[in-house]
Structure formats: C-alpha cells, structure tokens
Amino acid sequence: MVDFWPEPADAVPVAQAILAPRFTGVAIKDEMPETRPSTFIVVSRIGGEQTNPKQDRATLLIEFWAESSAVAAQMARTGRAALRNSRGKEWAGVFSYGWSNENGPTDFNDSKIQDRRRCQLVGDLTLSTG
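Using numbering that gives the first Met the number 0, you'd call the opening residue of the sequence shown number 0 and step up by one each time.
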C-alpha cells in the first residue's frame, strides 16, 4: 500500500545546503556549538505544515552569529538572498518551491552570550515531499 501523505524530508539540512555556497568556511549547525567560532549559523525548524501531499512548508529560524552586529546583519542579508533564490532548484536532493512569509532580519542579541551578536530571520521554506 502506498501512503497518500509521504514523509517529508528534513528541512534543516536542506536549508543548510542552500546557505552553504554563500558561507564558505562558516559553520552551519542545527544547534548552538559548544565552542563558538567567530561566525556561525544555527538553523532550526520551529513549525510549519504539510500543506498537501506534494509540499511541506517548514517554518525556520535562521540565526546568524558574529563578533559584531554589523557582520551578523550582513550575514543575514546574504542568507536571505540565498533563501530567496533557492526556488526552482534541488538542494540536498530536495526540490525547493521557495522562501516566503519572511520576518526579519532582526537584531536579537542573547544577554547570556556576551561575546557574539545575533541577527535572525524567520520564514517558510516550501519543499517537495517526493
């Protein structure tokens, strides 16, 4: 028996693959690294829905961390462009329908982390389920 609603791909590695070409040498993780490099990116799925059997809309939080607010903000702008230009291509073996419903970039520093600044985006990455 074939399932009508297929299991979607994990959107986090797909988003990491979209960002990677624009961030050579920058760590792109799915959680805060124990040892923080000078710049890094954290990608988390914070919601979304499988809108139909062919598409999964993943709501993602993309955090850009750097030693200064200016660098973090520039990273967010670069990441935003990568995500917006992902439409119509395969990333990590998954077809992207694109990035939408974006909120940010937003400066959102963490008072517990004094040596890094954060700028973040939240948005929806719609991916093919198969």
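Ideal Cβ positions, reconstructed from N, Cα and C, are used throughout, including at glycine.
As the structure is a computational prediction, the values presented were derived from the model and not from experiment.
Contacting residues, own chain, Cβ-Cβ under 7 Å from residue i (five flanking each side not counted)
| i | result |
| --- | --- |
| G129 | P5 |
Secondary structure of residue i, DSSP reduced to three states
| i | result |
| --- | --- |
| Q113 | coil |
| A91 | coil |
| G129 | coil |
| A57 | strand |
| V25 | coil |
| A72 | helix |
Terminal residues of the beta strand (DSSP E) in which residue i lies
| i | result |
| --- | --- |
| T50 | F39 to N51 |
Close-in-space but distant-in-sequence residues of the same chain around residue i (CB under 6 Å, 5 per side omitted)
| i | result |
| --- | --- |
| G46 | T58 |
Delimiting residues of the alpha helix (DSSP H) encompassing residue i
| i | result |
| --- | --- |
| R21 | Here R21 belongs to no alpha helix (DSSP H), and DSSP marks it neither H nor E. |
Beta-carbon proximity of residue i to residue j, cut-off 8 Å
| i | j | result |
| --- | --- | --- |
| D29 | L126 | no |
Neighbourhood of residue i by C-beta distance below 8 Å, restricted to the same chain and skipping five residues each side
| i | result |
| --- | --- |
| M31 | V41 |
- Item | Validate contact between the region 37-54 and the region 113-128 using beta carbons, cut 8 Å, 3 pairs | Counting C-beta pairs closer than 8 Å gives three or more between the region 37-54 and the region 113-128, which meets the contact rule.
- Task: Pair every Cβ in the region 79-90 with every Cβ in the region 12-19, then say whether three or more of these pairs are closer than 8 Å.
- Result: Cβ pair count under 8 Å is three or more, so yes.
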